[in-house]
Amino acid sequence: MIQTILSQAVEAARPAAELGQTATYIPELGKMDKHHLGACVFTREGERCCAGDTDVRFSIQSISKVISLAAALELCGYDTVFERVGMEPSGEAFNAMGKLEAVGSTPSNPMINAGAIAVDSYLEPKISFEEMLSFTRKLCMDPQIVLDEKVYHSEMSHISRNRAIAYLLENTGVIRSDVERTLDFYVRMCSLSITAESLAGLGLVLAGDGVHPATGERLLSPDTVRVVKTIMLTCGMYDGSGTFAVQVGIPSKSGVGGGILSVVDGRMGIGIFGPALDGKGNSVAGIQVLRTLSRELHLHIFDPSEHR
Ligand code: GLN
């Protein structure tokens, strides 16, 4: 039943790609075919449903902020992470920097660039990129994840805005370690090449409170996963998070590569790929697929149906 609804949802959402654009501010992302669309659902019962372009590799971009936040909570602790990064929706674009200038101001949350760069500055001295890569492979249940060198170099040569954000954070005392090393770590994490299936795998681990469904290995503590899912719900779709919470109601995180990671708590992980983005940087067709799935499968966190 899930497979039929998923296939229909993907086909119905395809025309929505015309309403969006690929992210041209990172030139390599601008080259993607905006008509790609794929969606995967992995359930706790072991069902795996895929429809559309689910094995096409694309860069994880901001969805890596979920992985970095989870790793930072495990390695640095809750108090360190949230001492100088907030947990409030920003209501601003993902790359906004306006509010950061004021003395004593801190990034609104770890899902926007400023917050994620700060979190990476706490994480980077404690773990190498290679270790983060193998942790990401485990979390996504995808051993094929690699660094997309082209995307990495493309973003590194168009890094001015994030560099400005990072130095502003250093100036206000939010970042206290090496800024250039932090930026390199941040961009490498954003350049990991994944598929919609990798995102469904990650979603499934989060839906299961951090336990790998096949091996039973605990990859993240329940406390970490609770914090991460809550912040995904309130901040994961940037300044579109409120509307998305009403219309879809599933903790999710988007990236400008066109991915969306969604977690239906205790039930399933969903991975989406659709590189045509709306004005807020979220996959237009991807959101449409999720609206359909939420309605048809009763996935909204406040769905009153007895099917839950
Ligand atoms: N690497 C991108 C950036 O820093 C990530 C942004 C995103 O996916 N929203 O601009």
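The numbering used here puts the first residue of the sequence shown at 3, with every later residue one more than the last.
Each residue gets a CB set at the ideal place from its N, CA and C atoms; glycine is no exception.
Everything numeric in this text was worked out from a predicted model, so none of it was measured.
Please tell me whether T45 has its Cβ less than 8 Å away from any Cβ of chain C. In the structure shown, chain C cannot be found, because there is only a single protein chain.
According to DSSP, which residues form a beta bridge with S61? Residue pairing for S61: DSSP places it in a beta bridge opposite S195.
Determine whether the beta carbon atoms of A41 and V227 lie at a separation below 8 Å. Not in contact: A41 and V227 (Cβ atoms no closer than 8 Å).
Please classify A247: does DSSP put it in a helix, a strand, or coil? Helix at A247.
Please confirm if the stretch 5-14 is in contact with the stretch 39-54, defined as three or more CB-CB distances below 8 Å between the two stretches. The stretch 5-14 vs the stretch 39-54: in contact.
Just the C-alpha distance for A72 and A15, rounded to the nearest angstrom, thanks. Rounded to whole angstroms, A72 to A15 spans 31 Å at the Cα level.
With DSSP as the reference, identify every bridge partner of S256, one or two as the case may be. Looking at the DSSP output, S256 sits in a beta bridge with I262.
Spatial neighbours of R269 within its chain, please: C-beta separation below 7 Å, excluding the five flanking residues on both sides. Close CB contacts of R269 within its chain, under the 7 Å cut and outside five residues either way in sequence, are with T45, R46, A209 (chain order).
Between the beta-carbon of T138 and the beta-carbon of I69, is there less than 8 Å? With respect to I69, T138 sits close: the two C-beta atoms are nearer than 8 Å.
Determine contact between the stretch 129-136 and the stretch 84-94, defined as no fewer than three beta-carbon pairs at a distance below 8 Å. With a cut-off of 8 Å, the stretch 84-94 and the stretch 129-136 do not count as touching, because too few Cβ pairs lie within range.
So, with DSSP's three-state summary, where would you put S92? The answer is coil: DSSP assigns S92 none of H, G, I, E or B.
Taking K67 and M113 to be in contact with their CB atoms under 8 Å, please state how far apart those CB atoms are, rounded to whole angstroms. M113 and K67 do touch by the CB rule: their CB atoms are close to 5 Å apart, below 8 Å.
Exposed or buried, which one is A216 when buried takes at least 16 other CB atoms within 10 Å? A216 should be labelled exposed.
For F304, which of helix, strand or coil comes out of DSSP? It is coil, neither helix nor strand.
Within its chain, find whatever has a CB closer than 6 Å to the CB of F246; leave out the 5 residues flanking it on each side and keep chain order. Residues of the same chain with a CB within less than 6 Å of the CB of F246, apart from the 5 flanking positions on each side, are M239 in chain order.
Can you look up L1 in the DSSP assignment and give me helix, strand or coil? This structure cannot speak to residue 1, because the chain is shown only from 3 to 310.
Specify the secondary structure class of G146 as computed by DSSP and reduced to three states. For clarity, residue 146 is Gln in the given sequence; the question names Gly instead. Here Q146 sits in coil by DSSP.
Is V258 near the ligand GLN - that is, is its Cβ less than 7 Å away from at least one heavy atom of it? Yes, since a heavy atom of the ligand GLN falls inside the 7 Å radius drawn around the Cβ of V258.
Going along the chain, which residues of its own chain have a beta-carbon closer than 6 Å to the beta-carbon of M143, five neighbours each way excluded? If you ignore the 5 residues before and after M143, its C-beta comes within less than 6 Å of the C-beta of G203, all in its own chain and listed in chain order.
So, are the CB atoms of G271 and L206 less than 8 Å apart? Closer than 8 Å, so yes.
Taking only heavy atoms of the ligand GLN into account, decide whether any of them is closer than 7 Å to the Cβ of Q63. Q63 has its Cβ nearer than 7 Å to a heavy atom of the ligand GLN.
I'd like to check one pair, S64 with C237: are the Cβ atoms closer than 8 Å? Remark: C-beta atoms of C237 and S64 do not approach each other more closely than 8 Å.
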